[in-house]
């Protein structure tokens, strides 16, 4: 990218992770599309490393700036266009315009809201009791993730859980919810509410089940909260079974 945009009027910077931003002087008409195509062509050039040829994929969102434009708003619009390029299959460019569907704008806002909610631990653990139908005794609790957004109100779990999964935040979210529930279960024992820790059950996504760190994460939560793992049941979300039953079974 530095080679493709080596003129003095261009700046190439890394925002974080695998995201980069390019600021460059545009041609009078359609310049943002031309600049984006130039960037994509540069990224798609094969890279030769240690006798191997590597190919890099990218999705690019472009936006035109005018005098007085707000930088953060420009980045937000470019980000929206980039996600639309991803939704269209990736390896392409998309120029932001005011005709982008409201659904795309809503999705970008939801993703940002979920990022903030996970980062600030605004998604809470709720509990659904499991009652023995014959004796009426409490047999355990199912842990549920619930999110009450200050403007949206309660957001349906499949919506924010799927969004967290798309953002790679599902493990962080699950750890927070499970740690909260385990801490609560142990506090009930300490406060005399229950004689022993109540059995807990929680759903996780298939992508979490396939990670090598799952058991280590559970061990860490058990060690820091004192909750015994033999009372914890991990279940797979119904959505995982519907989306890809073969892969879920394999994992």
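Numbering (our numbering), first residue to last: 656 to 906.
Backbone N, C-alpha and C define an ideal beta-carbon position, used for all residues, glycine too.
Candidates the options, of which the one nearest residue i by Cα
i: residue 734; options: 699, 670 and 825; result: 670
i: residue 761; options: 777, 799, 773 and 731; result: 731
i: residue 765; options: 819, 877, 885 and 788; result: 819
i: residue 817; options: 800, 805, 833 and 807; result: 800
i: residue 716; options: 706, 664 and 736; result: 736
i: residue 782; options: 722, 720, 790 and 795; result: 795
i: residue 869; options: 830, 880, 699 and 882; result: 830
i: residue 685; options: 787, 882 and 720; result: 720
i: residue 826; options: 859, 806 and 802; result: 859
Alpha-carbon spacing of residue i relative to residue j, whole angstroms
i: residue 714; j: residue 822; result: 16 Å
i: residue 667; j: residue 657; result: 6 Å
i: residue 872; j: residue 840; result: 18 Å
i: residue 742; j: residue 769; result: 19 Å
i: residue 835; j: residue 824; result: 17 Å
i: residue 889; j: residue 797; result: 10 Å
i: residue 837; j: residue 857; result: 11 Å
i: residue 675; j: residue 846; result: 51 Å
i: residue 610; j: residue 710; result: This structure does not reach residue 610, given that the chain is present from 656 up to 906, and the question cannot be answered.
i: residue 779; j: residue 849; result: 22 Å
i: residue 843; j: residue 703; result: 59 Å
i: residue 808; j: residue 772; result: 13 Å
i: residue 673; j: residue 832; result: 28 Å
i: residue 876; j: residue 661; result: 50 Å
i: residue 884; j: residue 851; result: 13 Å
i: residue 804; j: residue 775; result: 12 Å
i: residue 724; j: residue 752; result: 15 Å
i: residue 689; j: residue 759; result: 23 Å
i: residue 681; j: residue 705; result: 37 Å
i: residue 659; j: residue 701; result: 14 Å
i: residue 784; j: residue 791; result: 11 Å
i: residue 878; j: residue 763; result: 37 Å
i: residue 663; j: residue 708; result: 31 Å
i: residue 757; j: residue 665; result: 32 Å
i: residue 679; j: residue 874; result: 50 Å
i: residue 777; j: residue 787; result: 32 Å
i: residue 880; j: residue 748; result: 47 Å
i: residue 728; j: residue 882; result: 46 Å
Residue i vs residue j beta-carbon contact at 8 Å
i: residue 793; j: residue 853; result: yes
i: residue 930; j: residue 677; result: Since the first and last residues shown for the chain are 656 and 906, residue 930 lies out of range.
i: residue 855; j: residue 828; result: no
i: residue 687; j: residue 718; result: yes
i: residue 712; j: residue 739; result: no
*asked:* If we require 3 or more residues per run, which beta strand (DSSP E) segments fall completely within the segment 671-752?
replied: 674-678, 702-704, 707-709, 715-717 and 748-750
*asked:* Under 8 Å: do the segment 863-879 and the segment 801-817 share three or more Cβ pairs, one atom per stretch?
replied: no
*Pick out the complete alpha helix (DSSP H) segments inside the segment 855-894, 4 residues or longer, and give them in chain order.*
Within the segment 855-894, the complete alpha helix (DSSP H) segments of 4 residues or longer fall at 861-864 and 869-880, listed in chain order.
*Could you name each continuous beta strand (DSSP E) segment of 3 residues or more that falls completely within the segment 788-825, going from the start of the chain to the end?*
793-804 and 808-810
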